[in-house]
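Enquirer: In my numbering, the protein residues as written are 1 to 486.
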């Protein structure tokens with residue numbers, strides 16, 4: 001019965017994405033609408049990245065193993081909001097005037113380089129695949145843990161994947177926005193239920209932490225094995241840089257679709273407060289140390305605590321909230337991948353053909369993520385590669401948001417390539433880093449190569465060292481999409 005209720009909930013989420021929406025017929029409206037999303041619609045889209053399956057499963061697991069070290073997520077997401085207050089209105093302003101649909105359009109236009117645009121599109125599309133897989137795998141895990149059924153896991157992943165493809169292709173960003181509204185309310189309800197279960201079944205919050213202080217005080221310090229101060233500080237730094245400068249391609253459409261920069265500034269002011277909801281899964285993870293087997297896998301902790309303290313109907317509500325937390329980011333990531341490939345990576349001049357290719361890429365990307373998820377592929381290394389790799393574009397973003405771009409495209413391109421290769425070597429080579437995040441380490445050679453290449457470029461071309469990108473006050477006449485046919 002529980003499985004049926006959850007599947008019905010997932011079907012309802014998918015139906016919500018297409019309900020009352022006309023099918024989109026061209027890439028611009030599909031990706032960014034009319035660039036007029038109002039405050040609350042825009043806010044829910046941006047909030048979609050704050051509460052995902054990582055928040056639902058991963059964060060509680062980190063708290064179960066590392067205690068208060070899990071607060072790194074609250075720290076970096078709050079710092080991210082401070083940085084984005086200044087950065088994303090500028091990105092939105094440039095996008096509106098210059099016709100951007102993707103992050104790669106931004107790079108191509110600001111650095112006057114099709115090659116750099118293609119590099120960014122390739123890096124972004126490839127490194128988002130494991131993040132998409134994480135959402136789909138997390139959804140299946142939530143259903144499996146809630147129902148105890150391995151088959152329910154596979155069915156739910158397949159059903160949710162098909163629904164994501166359908167509502168993303170059909171309605172684009174506006175359909176995603178509608179589902180995002182439901183997702184945030186569902187997640188809020190789920191987290192409140194989890195917190196109520198923890199308080200009723202394990203003890204009040206002060207009692208829980210008093211017991212932890214008596215039995216395992218190391219959980220209340222940043223000193224647990226694998227979750228020490230080095231892990232905490234470097235994780236906060238690298239994720240704050242990457243997220244703050246908006247280096248994740250799937251987060252660009254909500255920014256570009258917003259009605260104004262003022263809307264985005266207002267959003268991030270409240271999003272910084274919204275991050276405190278993450279204290280609930282962190283508390284549940286720490287409380288889990290009192291009632292769960294110490295050998296419990298991290299991803300099983302939150303629902304394990306819920307099953308220990310709550311009746312079955314409430315478990316279904318939590319599972320549906322978790323499913324929504326997976327489907328909204330999955331839809332956004334699929335949009336990010338497909339728009340990069342169809343608009344920037346492939347040189348397709350025909351708008352209708354480009355839009356059809358876009359739809360095919362949505363289905364292929366979700367299908368690949370589903371296949372990897374059903375095969376139970378280990379995505380730990382790839383997830384590290386996603387965060388570390390995409391952060392390598394942060395220096396280029398910082399350079400490009402100025403009024404004039406004075407660094408060349410080739411040095412920036414070389415820096416990104418070297419930085420991402422370093423992340424890959426460290427990650428797949430299992431090179432010990434002493435707890436320092438591989439993405440942060442790789443920023444050093446990235447910046448070094450960028451600086452050296454720029455010095456060489458300026459020696460060769462001393463007269464026109466800067467690229468002199470058009471300023472935001474100089475919109476492109478008749479420009480619908482900078483990346484079209486790139």
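Cβ atoms here follow ideal geometry from the backbone N, Cα and C, with glycine treated the same way.
With distances taken Cα to Cα, identify the nearest neighbour of residue 357 among 177, 369, 339, 219.
Expert: It is 339 whose Cα lies nearest to the Cα of residue 357.
Enquirer: Whose C-beta lies closer than 8 angstroms to the C-beta of residue 274 among residues of the same chain, with five residues either side of it excluded?
Expert: Excluding residues within five positions, the ones whose Cβ falls inside 8 angstroms are 47, 50.
Enquirer: Would you mind sorting residue 207 into buried or exposed? The rule is 16 or more other CB atoms within 10 Å of its CB.
Expert: Flag for residue 207 reads exposed.
Enquirer: Only counting runs of 3 or more residues, tell me where the beta strand (DSSP E) segments fall wholly within the region 238-299, in order along the chain.
Expert: Complete beta strand (DSSP E) runs here, min 3: none at all.
Enquirer: In the DSSP assignment, find the unbroken alpha helix (DSSP H) run with residue 93 in it and report its ends.
Expert: 72-98 is the span of the alpha helix (DSSP H), which, as asked, contains residue 93.
Enquirer: Less than 8 angstroms between the beta carbons of residue 439 and residue 425, yes or no?
Expert: No.
Enquirer: Residues in the same chain with beta-carbon distance under 8 angstroms from residue 341, minus the five sequence neighbours each way, listed in chain order, please.
Expert: The answer, listed in chain order, is 121, 125, 357, 358, 361.
Enquirer: Which residues in the same chain as residue 3 place their Cβ atom closer than 7 angstroms to its Cβ, once the five residues preceding and following it in sequence are excluded?
Expert: Closer than 7 angstroms at Cβ, skipping near neighbours: 147, 149, 152.
Enquirer: Thinking C-alpha only, which one of 74, 135, 264, 386 is nearest residue 35?
Expert: Closest option to residue 35, Cα to Cα, is 264.
Enquirer: For residue 135, which of 395, 56, 297, 421 has the nearest alpha-carbon?
Expert: Per the Cα distances, 56.
Enquirer: Going by beta-carbon coordinates alone, are residue 139 and residue 53 separated by less than 8 angstroms?
Expert: Against a cut-off of 8 angstroms, the Cβ pair of residue 53 and residue 139 comes out as a contact.
Enquirer: Which residue marks the beginning of the alpha helix (DSSP H) containing residue 11, and which one marks its end?
Expert: From DSSP, the alpha helix (DSSP H) with residue 11 extends over 2-18.
Enquirer: Of all the options 217, 77, 37, 223, which has the alpha carbon lying nearest to the alpha carbon of residue 244?
Expert: Of the listed residues, the one whose Cα sits closest to residue 244 is 77.
Enquirer: Leaving out five residues on either side along the sequence, give the residues of the same chain with a beta carbon under 6 angstroms from the beta carbon of residue 43.
Expert: The residues are 267.
Enquirer: Once the 5 residues before and after residue 237 are set aside, which same chain residues still bring their CB inside 7 angstroms of it?
Expert: Excluding sequence neighbours, residue 237 sits near 440.
Enquirer: Decide if residue 349 is buried, meaning its Cβ has at least 16 other Cβ atoms within 10 Å, or exposed.
Expert: Burial call: exposed.
Enquirer: Report yes if the C-beta distance between residue 259 and residue 16 is below 8 angstroms; otherwise report no.
Expert: It is not a contact, given that the beta carbons lie outside the stated cut-off.
Enquirer: Given a threshold of 16 other Cβ atoms within 10 Å of its Cβ, counted over all protein chains shown, does residue 1 qualify as buried or as exposed?
Expert: It is exposed - the Cβ of residue 1 has fewer than 16 other Cβ atoms within 10 Å.
Enquirer: State the Cα-Cα distance for the pair residue 333 and residue 249, rounded to the nearest angstrom.
Expert: Their Cα atoms are separated by approximately 8 angstroms.
Enquirer: Between which two residues does the alpha helix (DSSP H) harbouring residue 36 extend?
Expert: No alpha helix (DSSP H) holds residue 36; DSSP gives it neither H nor E.
Enquirer: What three-state label does DSSP hand residue 111 in the structure shown?
Expert: Here residue 111 sits in coil by DSSP.
Enquirer: Please identify the residue among 416, 432, 431 whose C-alpha is closest to the C-alpha of residue 448.
Expert: Minimum Cα distance to residue 448 is reached at 416.
Enquirer: So what's residue 437 in DSSP terms, helix, strand or just coil?
Expert: Correct three-state label for residue 437: coil.
Enquirer: Which residues share a DSSP beta bridge with residue 227?
Expert: Beta-bridge pairing links residue 227 to 224.
Enquirer: Whole angstroms are fine: how far does the CA of residue 12 sit from the CA of residue 289?
Expert: Taking the straight line joining both Cα atoms gives about 35 angstroms.
Enquirer: Could you round the C-beta distance between residue 435 and residue 230 to whole angstroms and report it? I think they count as a contact, below 8 angstroms.
Expert: Contact flag correct, Cβ pair sits at about 4 angstroms.
Enquirer: What do you get for residue 184, buried or exposed, if any count of 16 or more other CB atoms within 10 angstroms of its CB means buried?
Expert: Counting Cβ neighbours within 10 Å, residue 184 comes out buried, since at least 16 surround it.
Enquirer: Can you tell me which of the three DSSP states residue 103 falls into?
Expert: Correct three-state label for residue 103: helix.
Enquirer: Distance, Cα to Cα, residue 215 vs residue 282?
Expert: For residue 215 and residue 282, the distance between alpha carbons rounds to 18 angstroms.
Enquirer: Got a sec, what are the start and stop residues for the alpha helix (DSSP H) residue 312 sits in?
Expert: Counting along the chain, the alpha helix (DSSP H) containing residue 312 begins and ends at 312-340.
Enquirer: Find the nearest neighbour of residue 308 within the set 187, 343, 145, 279, judged by alpha-carbon distance.
Expert: Ranking the options by Cα distance to residue 308, first place goes to 145.
Enquirer: Report buried or exposed for residue 326, applying the criterion of at least 16 other Cβ atoms within 10 angstroms of its Cβ.
Expert: It counts as buried.
Enquirer: In this structure, does DSSP put residue 346 in helix, strand or coil?
Expert: Reduced to three states, the DSSP call for residue 346 is coil.
Enquirer: Quick check: what's the CA-CA separation for residue 488 versus residue 455?
Expert: In this structure the chain extends from 1 to 486, so residue 488 is not present and cannot be described.
Enquirer: Can you look up residue 134 in the DSSP assignment and give me helix, strand or coil?
Expert: Correct three-state label for residue 134: helix.
Enquirer: I need the straight-line Cα distance from residue 270 to residue 82, nearest angstrom please.
Expert: Each residue's alpha carbon lies about 11 angstroms from the other.
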